[in-house]
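A.B. asks: Protein sequence lines correspond, in order, to chains A and B. The opening residue of the first sequence carries number -12 in this note's numbering; numbering runs sequentially from there. The opening residue of the second sequence carries number 11 in this note's numbering; numbering runs sequentially from there. Even for Gly, the Cβ is constructed at its ideal location relative to N, Cα and C. Okay, here's the structure, questions in a sec.
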Amino acid sequence: KAGVTQTPRYLIKTRGQQVTLSCSPISGHRSVSWYQQTPGQGLQFLFEYFSETQRNKGNFPGRFSGRQFSNSRSEMNVSTLELGDSALYLCASSSDRGRRYEQYFGPGTRLTVT
Amino acid sequence: TQLLEQSPQFLSIQEGENLTVYCNSSSVFSSLQWYRQEPGEGPVLLVTVVTGGEVKKLKRLTFQFGDARKDSSLHITAAQPGDTGLYLCAGALVGNNNDMRFGAGTRLTVKP
């Protein structure tokens, strides 16, 4: 099975712009979660989508949004970028079966805001 | 404060030494995962533990889930430079499906 893919891998934007990141989960996985990772804060949960519906949401401002399509692919959007949004954005997919809740991560998108 | 507290934050050891990393919480988890992450890449799942008291072995790595399902440990025997990386624990909170919480991580460096 192919793993989780994320595009693009690297992105440079300027303050005030908006950005869209894409994630394709492992085939058959219906749950997709997004995380922001920075050296200072570690892995912070953004949101989780399951069957095109947002199921869980972390504590991030409304500038961060996401969606999931019928094929389980997901996108996240950040509007009005700030310098502090520079981070590695990780997507993880899960089969959502039983109690294991195992997540499989993509390689991430490194976003730099200048 | 992190729901899952990992210790130590940083660990630098010589090749061949043993080490233990801890992941502690006051909350109960349905399951707990350990991941290893290398710079610029996503975390890679190492193991999932589900049952209180469960012990799993993966070559030189031994994982244990606490009896009360609130804590876990990762023990590495005879560490090698290839074990270098950021080790993360993550738990699924009981009664809150897919509410996954991550520890801040332990950065391990194994010197040859």
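Start and end of the beta strand (DSSP E) containing Asp81/B?
C.D. replies: For the purposes of this step, residue 81/B is taken as the residue at position 71 of the second sequence. Residues Asp81 to Ile86.
A.B. asks: Please return the same chain residues whose Cβ sits closer than 6 angstroms to the Cβ of Phe47/A, not counting the five positions on each side in sequence.
C.D. replies: Locating residue 47/A in the first sequence gives position 60, counting from the first residue. So the list reads Leu33, once near-sequence residues are dropped.
A.B. asks: Using Cβ-Cβ distances below 7 angstroms, what residues of the region 33 to 45 of chain B are close to chain A?
C.D. replies: Against chain A - using a Cβ distance shorter than 7 angstroms - the residues of the region 33 to 45 of chain B are Ser40, Ser41 and Gln43.
A.B. asks: With 9 angstroms as the C-beta to C-beta threshold (strictly closer), list the residues of the region 72 to 98 of chain A near chain B in chain order.
C.D. replies: Of all residues in the region 72 to 98 of chain A, Leu75, Leu77, Cys78, Ala79, Ser81, Asp83, Gly85, Arg86, Arg87, Tyr88, Glu89, Gln90, Tyr91, Phe92, Gly93, Pro94, Gly95 and Arg97 have a Cβ within less than 9 angstroms of some Cβ in chain B.
A.B. asks: What are the start and end residues of each continuous beta strand (DSSP E) run of 3 or more residues lying completely inside the region 3 to 33 of chain A, in chain order?
C.D. replies: Whole beta strand (DSSP E) segments, 3+ residues: 6 to 11 and 18 to 25.
A.B. asks: Output needed for Pro64/B: all residues of its chain with C-beta closer than 6 angstroms, excluding positions within five of it in sequence on either side, in chain order.
C.D. replies: Taking the second sequence and counting its residues from 1, one reaches residue 64/B at position 54. Residue identity check: residue 64/B is Glu in the sequence provided, not Pro. The residues are Phe75.
A.B. asks: If you run the structure through DSSP and keep just helix, strand and coil, what is Leu75/A?
C.D. replies: Counted from its first residue, the first sequence places residue 75/A at position 88. Strand, per DSSP.
A.B. asks: Who are the neighbours of Phe32/A on chain B, taking C-beta pairs under 9 angstroms?
C.D. replies: Mapped onto the first sequence, residue 32/A falls at position 45. Within chain B, the residues near Phe32/A are Asp109, Met110, Arg111 and Phe112.
A.B. asks: With H, G and I counted as helix, E and B as strand and the rest as coil, what does DSSP make of Gly115/B?
C.D. replies: Here residue 115/B is taken as the residue at index 105 of the second sequence, counted from 1. Note: Gly115/B maps to coil in three-state DSSP.
A.B. asks: Please state if the CB of His85/B and the CB of Thr94/B are separated by a distance shorter than 8 angstroms.
C.D. replies: Position 84 of the second sequence, counted from the first residue, corresponds to residue 94/B. Position 75 of the second sequence, counted from the first residue, corresponds to residue 85/B. Going by C-beta atoms, Thr94/B is not nearer than 8 angstroms to His85/B.
A.B. asks: Could you name the residues of chain A that Gly115/B contacts, counting a contact when the two beta carbons are closer than 9 angstroms?
C.D. replies: Position 105 of the second sequence, counted from the first residue, corresponds to residue 115/B. The contacting residues are Gly29 and Leu30.
A.B. asks: Hey, how far is the Cα of Gly49/A from the Cα of Pro94/A?
C.D. replies: One-based indexing of the first sequence puts residue 49/A at position 62. One-based indexing of the first sequence puts residue 94/A at position 107. In a straight line, the C-alpha of Gly49/A is about 25 angstroms away from that of Pro94/A.
A.B. asks: Straight-line CA distance for Ala100/B to Ile13/A?
C.D. replies: Sequence index remark: in the second sequence, residue 100/B carries index 90 (1-based). Sequence index remark: in the first sequence, residue 13/A carries index 26 (1-based). So the alpha carbons of these two residues sit roughly 20 angstroms apart.
A.B. asks: Just the chain A side, please: which residues come within less than 9 angstroms of Glu27/B by C-beta, in chain order?
C.D. replies: The residue you call residue 27/B lines up with position 17 of the second sequence. Under the 9 angstroms cutoff, chain A gives no residues; its nearest Cβ is about 26 angstroms from Glu27/B.
A.B. asks: Would you tell me roughly how many angstroms separate the C-alpha atoms of Val60/B and Leu68/B, rounded to the nearest one?
C.D. replies: In the second sequence, counting from the first residue as 1, residue 60/B sits at position 50. In the second sequence, counting from the first residue as 1, residue 68/B sits at position 58. The alpha-carbon atoms of Val60/B and Leu68/B are separated by roughly 16 angstroms.
A.B. asks: Going by alpha carbons, who is nearest to Ser83/B out of Trp44/B, Arg70/B, Pro49/B and Gly50/B?
C.D. replies: Taking the first residue of the second sequence as position 1, residue 83/B is located at position 73. Of Trp44/B, Arg70/B, Pro49/B and Gly50/B, the residue nearest in Cα terms is Trp44/B.
A.B. asks: Comparing C-alpha positions only, which one of Arg97/A, Ala79/A, Leu68/A and Tyr76/A sits nearest to Gln4/A?
C.D. replies: Sequence index remark: in the first sequence, residue 4/A carries index 17 (1-based). For Gln4/A, the nearest C-alpha among the options comes from Leu68/A.
A.B. asks: Going by C-alpha to C-alpha distance, which of Phe39/B, Asn28/B and Thr119/B sits closest to Ala78/B?
C.D. replies: Position 68 of the second sequence, counted from the first residue, corresponds to residue 78/B. Among Phe39/B, Asn28/B and Thr119/B, the Cα nearest to that of Ala78/B is on Phe39/B.
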